[in-house]
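Novice: Here it is: the structure, laid out below.
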Amino acid sequence: MTRPLLTVAASLVAVLLPLPVLATAALREPMPAPGSASPAGTAVSARPPARAAAPWVWPTGDRVVERPWEAPDGDYGAGHRGIDVPAALGTPVVAVDDGVVAFAGSVAGRGIVTIDHGGGLVSTLDSVVPSVPKDQPVAQGDVVGTVAVGHCPSTSPCLHLGARVDDRYVDPTPYLPAAAWPVLLPDDAWPG
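Mapping to the numbering used here: the sequence shown position 17 is 789, numbers consecutive.
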């Protein structure tokens, strides 16, 4: 009875052990540079590779994520189609990369700026007072608006950054330099 269990366990280890290595190798695939089209016959994944060839900049300068991406259950399912970056009301918001303003206005009472970066890649800045018109070319780092009340409560304002590739929502964090994730220490780590 023990021998069949050992055989099953050994088989599982042999199959599962290489998976993290294979997954890590897949994440190292280079991403098409913003503005370049994907090669003919290849589909763009709903989850982009780990880092873009030319990373975006953080739209408020802070590398902090208050609420991360949560993949939606489906096209219209629950999820969080972007990340929330904490920012004070009135904080300048910049274009994450070069592109053309595809939309600047209000949707459901919230200010939105959407920038088309080419090659099917689009960024959306939610809860802003836009300072740029539609069809205006922008360079990475250009101010496109200021943080406004909307996506997050006014007691804890934030900027919502979304990304789409070929009209599919994707996690924007792989396009950004690494976040400064907060480290929570246990209560007994504090003096006093």
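Beta carbons: idealized from backbone N, C-alpha and C, even for Gly. None of the values given here were measured: they were computed from a predicted structure.
Pull up the CB-CB distance for GLY851 and ALA843, whole angstroms please, since I reckon it's below 8 Å.
Specialist: 6 Å
Novice: State yes or no: is the C-beta of GLN912 within less than 7 Å of the C-beta of ASP943?
Specialist: no
Novice: If you run the structure through DSSP and keep just helix, strand and coil, what is TYR947?
Specialist: Here TYR947 sits in helix by DSSP.
Novice: Taking Cβ to Cβ, would you say VAL857 is nearer than 7 Å to CYS930?
Specialist: Against a cut-off of 7 Å, the Cβ pair of CYS930 and VAL857 comes out as a contact.
Novice: Below 8 Å on the Cβ atoms is my contact criterion, and I expect LEU897 with PRO840 to pass it. Report the Cβ-Cβ distance as a whole number of Å.
Specialist: Going by Cβ atoms, the distance from LEU897 to PRO840 rounds to 17 Å, so no, they are not a contact pair.
Novice: Do you know offhand how far VAL793's Cα is from VAL837's?
Specialist: Summary for VAL793: the model assigns pLDDT 36, below 50, so the residue's position carries little reliability, and this model does not support an answer.
Novice: Excluding five sequence neighbours on each side, which residues of the same chain lie with their C-beta closer than 6 Å to the C-beta of GLY892?
Specialist: Leaving aside the five residues that flank GLY892 on each side, the residues in its chain whose CB is nearer than 6 Å to its CB run, in chain order, VAL937 and ASP938.
Novice: Is TYR941 helix, strand or coil when you go by DSSP?
Specialist: strand
Novice: Under three-state DSSP, which class holds ALA843?
Specialist: coil
Novice: Less than 6 Å between C-beta atoms, sequence neighbours within five positions excluded: which residues of the same chain meet that for ASP888?
Specialist: GLY871, VAL872, ALA874 and VAL894
Novice: Look up CYS930 in the DSSP assignment and give the residues it is bridged to.
Specialist: PRO858
Novice: Once DSSP output is grouped into helix, strand and coil, what is the label at SER895?
Specialist: strand
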